[in-house]
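With the sequence shown counted from 1, adding 935 to any position gets you the working numbering. Data first, discussion second: the structure below is written as structure tokens.
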Amino acid sequence: MISVDTMIYTVSFFWNPMLQSRDICKRSEGEKMTWKEIEEGFDKFKKDNSKAWRGIKLGVVGAVGLATLVGSFYTVDAREQAVVKRFGEYSTTSGPGWHFKIPFVDDAMVIETTTIHKEEFGFRTKSVGVITEYEKQTDNDEALMLTGDENIVDIDYVVQWKVKDAKDYLFKIRDPQTALRNASDSVMRRIVGDYGIDEILTTGKNEVEVAVRMNLQTALDSYESGIQVVAVDLKSVQPPQAVKDAFDAVNSAKQVRAKLIDQARAEYNSVIPAARGKAELMKRQADAYAISKVNNADGDIARFLKVREEFKKQPDITRKRMYLDTMEEVLRDAKEVKVIDGKVGERTLPVLKY
């Protein structure tokens, strides 16, 4: 590279002879020079300082040549793309490395394509450090949105993006950043309108983030914006400050209600199955008792019918046998038994006569 000292020396070398010939332009105070006199003075300077003039011309040519040579090459970093314009019109896109361009004809515009940019909605980063400070935006309503169940929710979110096509990014949209912000706001409001406020505040945050990222990318691709949406992050989702206390009270009541329902279900699950088991046991016992009774009755009927058949054949013997069986069954549990002589009289019990 040409040092500053060398440049100063060169300028001094060519400028000093001009200062030495400044007498040709002197006039008395208040008197103006004519254009002809200026030309004559300039010609005299060239004639008296021909070597210096030749050096000036060579210096100018060298400077122009050096500037042309330097301006004919450009470098593109690994994280960049270069868009080359020729006579103001798109020519080509260059990747990383050294590249040649036609001096004064081509113009290379270098764009970073791996840097992750971010757009903040509802808040702004105040300072970045060990503890990053954020500032809530209260001068606009970009964070206030209407949910599907007609509630208002305050959402602070970030859209992270990068350039995926430098040509489209530079030439297809006049202001890519503004287009990105407008599209992000529109898509976020549309997606939030498909969810209830409870879903957004609790289990639906991830679904909203994914849906917004996909729909936003589709919109930007339709614009040929050259932008790739890397991520959508919901930083804060809460009801507006004006109704936050009332909303918290409603949420508290819902939590109490849910707790009572869980307790009731737990009691139901512990009491009802036990009652059902007990009822099933009693039913089975009743069924067994009924079967036993029916079987016993069937046995009694069978025995009665058998005795009846024998009674028809031998009534006296059958009657006596039945009587004796009955007395045996009765006397078996008796504590005291008295036997009376059968000759006492005709009125003694028939059993004692046999």
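The beta-carbon is built from N, C-alpha and C at its ideal position, and this holds for glycine as well. This one's a predicted model, so the numbers in the text were calculated from it and none came from an experiment.
For GLY1032, which three-state DSSP category applies?
-> Taking the first residue of the sequence shown as 1, we reach residue 1032 at position 97. Judged by DSSP in its simplified three-state form, GLY1032 adopts strand.
Does DSSP put GLN1249 in a helix, a strand or coil?
-> One-based indexing of the sequence shown puts residue 1249 at position 314. If DSSP states are grouped into helix, strand and coil, GLN1249 belongs with coil.
Between which two residues does the alpha helix (DSSP H) containing GLN1152 stretch?
-> Here residue 1152 refers to the residue found at position 217 when the sequence shown is read from its first residue. Here the alpha helix (DSSP H) through GLN1152 covers 1140-1158.
In the DSSP assignment, find the unbroken alpha helix (DSSP H) run with ASP1120 in it and report its ends.
-> Counted from its first residue, the sequence shown places residue 1120 at position 185. In this chain, the alpha helix (DSSP H) harbouring ASP1120 covers 1111-1127.
Use the C-beta contact count for ALA1232: other C-beta atoms within 10 angstroms, 16 or more gives buried, fewer gives exposed.
-> One-based indexing of the sequence shown puts residue 1232 at position 297. Burial call: exposed.
Closest by CA to LYS1130, which one among GLN1095, ILE1087, LEU1266?
-> To locate residue 1130, count along the sequence shown from 1; it is residue 195. For clarity, residue 1130 is Tyr in the given sequence; the question names Lys instead. Proximity to TYR1130 across GLN1095, ILE1087, LEU1266 peaks at ILE1087, based on C-alpha coordinates.
What are the residues that DSSP puts in a beta bridge with MET1217?
-> Residue mapping note: residue 1217 aligns to position 282 of the sequence shown, counting from 1. Beta-bridge pairing links MET1217 to no other residue.
Relative to the C-alpha of GLU1068, which residue among ILE1046, VAL1167, PHE1058 is closest?
-> Position 133 of the sequence shown, counting from 1, holds the residue named residue 1068. For the options ILE1046, VAL1167, PHE1058, the alpha carbon positioned closest to that of GLU1068 is the one of PHE1058.
What is the rounded straight-line gap between the Cα of VAL1122 and the Cα of THR1113?
-> Translated into the one-based positions of the sequence shown, residue 1122 becomes position 187. Translated into the one-based positions of the sequence shown, residue 1113 becomes position 178. Here the C-alpha atom of VAL1122 lies approximately 14 Å from the C-alpha atom of THR1113.
Touch check for the segment 1090-1099 and the segment 1163-1181: three-plus C-beta pairs under 8 Å?
-> Yes, the segment 1090-1099 is in contact with the segment 1163-1181.
Drop a sphere of 10 angstroms on the beta-carbon of GLY1128, count the other beta-carbons inside from all chains shown, and report buried for 16 or more, exposed for fewer.
-> As a first step, residue 1128 must be located in the sequence shown, where it is residue number 193. Under this definition GLY1128 is an exposed residue.
If you run the structure through DSSP and keep just helix, strand and coil, what is TYR1069?
-> Taking the first residue of the sequence shown as 1, we reach residue 1069 at position 134. The answer is strand: DSSP assigns TYR1069 an E or B state.
Hey, how far is the Cα of LYS1140 from the Cα of ALA1043?
-> Residue mapping note: residue 1140 aligns to position 205 of the sequence shown, counting from 1. Residue mapping note: residue 1043 aligns to position 108 of the sequence shown, counting from 1. C-alpha separation (whole angstroms): 43 Å.
Cα-Cα separation between ALA1146 and LYS1036, rounded to whole angstroms = Residue 1146 sits at position 211 when you count from the first residue of the sequence shown. Residue 1036 sits at position 101 when you count from the first residue of the sequence shown. As the crow flies, the alpha-carbon of ALA1146 is around 44 Å from that of LYS1036.
According to DSSP, is PHE1106 helix, strand or coil?
-> Walking along the sequence shown from the start, residue 1106 turns up at place 171. Three-state DSSP puts PHE1106 in a helix.
Excluding five sequence neighbours on each side, which residues of the same chain lie with their C-beta closer than 7 Å to the C-beta of ARG1267?
-> In the sequence shown, residue 1267 corresponds to position 332, counting from 1. If we look at ARG1267 and ignore the five residues flanking it on each side, it has no Cβ neighbours.
Using CA coordinates, which residue listed in GLU1202, ILE1090, ASP1084, ASN1186 is at the minimum distance from VAL1143?
-> Looking up residue 1143 in the sequence shown gives position 208. The residue among GLU1202, ILE1090, ASP1084, ASN1186 with its C-alpha nearest the C-alpha of VAL1143 is ILE1090.
How many angstroms separate the CA atom of TYR1101 from the CA atom of ARG1192?
-> Numbered from its first residue, the sequence shown carries residue 1101 at position 166. Numbered from its first residue, the sequence shown carries residue 1192 at position 257. Residue identity differs from the one stated: residue 1101 is Ala in this sequence, not Tyr. In this structure, the straight-line span from the alpha carbon of ALA1101 to that of ARG1192 is close to 56 Å.
Would the beta-carbon of GLU1047 fall within 7 Å of that of ARG1021?
-> Translated into positions along the sequence shown, residue 1047 becomes position 112. Translated into positions along the sequence shown, residue 1021 becomes position 86. For the pair GLU1047 and ARG1021, the CB atoms are not nearer than the 7 Å cut-off.
Please work out which residues of its chain come closer than 6 Å, Cβ to Cβ, to THR1253, disregarding the five sequence neighbours upstream and downstream, and give them in chain order.
-> Taking the sequence shown and counting its residues from 1, one reaches residue 1253 at position 318. The residues are GLU1245, PHE1246.
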